[in-house]
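Quick note, the sequences are listed as chains A and B, same order.
Numbered by this note's numbering, the letters in the first sequence go through residues 63 to 282 in order.
Numbered by this note's numbering, the letters in the second sequence go through residues 551 to 688 in order.
A virtual CB, placed ideally from N, CA and C, is assigned to each residue, including glycine.
Reviewing the structure listed below.
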Amino acid sequence: MMESRQANQGFSLVEMLVALALGALMMAGIASSFTAITQAQQLTRDYEQVQETLRFTTAMISRSLRTAEHLANTTDNTQLVIQREGDGERVACNGQKPSSDFDEIYSLIGSDLQCEVVANSGSSSWEGTVILAYGIENIGLECMTFDNIDERNFRLASASPPGQLVGCGDSGLNHSEVIAVQITIKFDTTEFMQLEGYPSHTFTATLRSHLRTCASGGSC
Amino acid sequence: MIEVLVAGFVITFGLVGMVLMQTYTQQDAFRAHQLSLAGLYAQDMQERLRANICYLNRLTQDSDVNTFINNQRDEWQDDHSLSSRGWTYKIEPLTEVSDFTNPDPENYWQFELEIKPPPPSRSPTVQTLLIDYWGGGC
């Protein structure tokens, strides 16, 4: 009789209250940890995405400019038109190997950075458009022209003459004299919620092949 | 009662561990991002110097080379807002003008660029930038 009563004994009220309080504390801890972990993962993803975008666009545009014949005329300050030689071996930004001369047109459509490959004459099967990156709010393009005597600065007031960098679409620019382009990419903060206030990124790319031509002749 | 307390302790310990792991992952991701940026900044500097290849190859005094490098460095850091974001940097020429007139002359200008991101990164990135030497300018 005595043993049966002990076996049926349950938790006391105090024990139940303590267990409930601990359980509630743990649930609150789990909930807040879950939010913190989700935010941390989102932030890590955003960093990866920004890093990949920067590396890919920098490599792609730099490669295009490095082997460019010269910049083609454009009146749009947000569009970069690069004239390249097609020999069936060089790869264009859309992954194709054009067999004749072509233009690569880098432009921002919405928040996507696109590259369009267009044949200089007629139409070809290797023409096409690809999206290189997304989540970009705007791009800035500034061009630097060749000078075989003076130092070329981008915008230092001490440079002589100061501010030698002009918009790539400016009407007074002679596109065949451009030997370097400065590109600024600003990320769309609505795409990268965790990177609010991320600074824009600027990089420079020289038209190495064209620069060599200009330098060897003293002018472009 | 003891069992409940032990279980609570174990779960809390696990949760703290998970949060700490996330924090370290986040720090590592940020550090990787900073290293990647340092590489892109170095590449940008290299291209800026290359755009000045004619001017650089006309210089005949080391002091002029230093002035040129300092000008380019100031503008480069300004464009990337490096100082205001806590980055430190240093660039210095490894070659001298006289190196190009030696019996066994150098073919490249060499500059050493050191970039150190702010914490949590601990060590600087050092890159050697090479620019073609063309005697007498363009």
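Query	Result
Chain-ordered neighbours of B:G687 on chain A, where CB pairs are closer than 7 Å	N210
Near-chain B residues of the segment 99–121 of chain A (beta-carbon distance less than 8 Å), N- to C-terminal order	I99, A102, Q103, L105, T106, Y109, E110, V112, Q113, L116, R117 and T120
From A:T191, A:E213, A:G231 and A:R125, residue whose alpha carbon lies closest to that of A:E204	A:G231
Any C-beta of chain B under 9 Å from that of A:N215	yes
Member of B:W637, B:R600, B:Q593 and B:T610 whose CA lies at the smallest distance from the CA of B:S673	B:W637
Where the beta strand (DSSP E) through B:L644 begins and ends	Where B:L644 is concerned, there is no enclosing beta strand (DSSP E), given that its DSSP letter is neither H nor E.
A:N135 to B:R608 span [Cα, whole Å]	31 Å
Inter-stretch contact at 8 Å, needing at least 3 Cβ pairs: the segment 136–154 of chain A / the segment 552–562 of chain B	no
DSSP-derived helix/strand/coil call for B:N607	helix
Assigned exposure category for A:A90 - 16 Cβ within 10 Å defines buried	exposed
9 Å Cβ cutoff, B:R608 in contact with chain A	yes
Uninterrupted alpha helix (DSSP H) stretches inside the segment 63–151 of chain A (no shorter than 4 residues)	64–69 and 75–128
Distance between B:Q660 and B:L644 (C-alpha atoms, nearest Å)	5 Å
A:M63 at chain B interface by Cβ criterion, 9 Å	In this predicted model, A:M63 has a pLDDT of only 49, less than 50, meaning its place in the structure is not dependable; the value taken from the coordinates is given anyway. It does not; no Cβ of chain B falls within 9 Å.
Residue from A:T137, A:G184, A:G190 and A:N139 whose Cα sits closest to the Cα of A:C155	A:G190
Alpha carbon of A:S173 to alpha carbon of A:E114, nearest angstrom	16 Å
Contact with chain B by A:L235, beta-carbon distance below 9 Å	no
Proximal chain B residues relative to A:E151, where beta-carbon distance stays under 8 Å	Neighbours of A:E151 on chain B: none; closest Cβ ~25 Å, over 8 Å.
Neighbour list for A:T268 in chain B, Cβ cutoff strictly below 8 Å	E597, R600 and A601
Anticipated Cβ contact below 8 Å, B:Y639 with B:I665, distance rounded	5 Å
Neighbour flag for A:I198 against chain B, beta carbons, 9 Å	no
Option in B:L632, B:M595, B:H630 and B:E642 with minimal Cα separation from B:N616	B:E642
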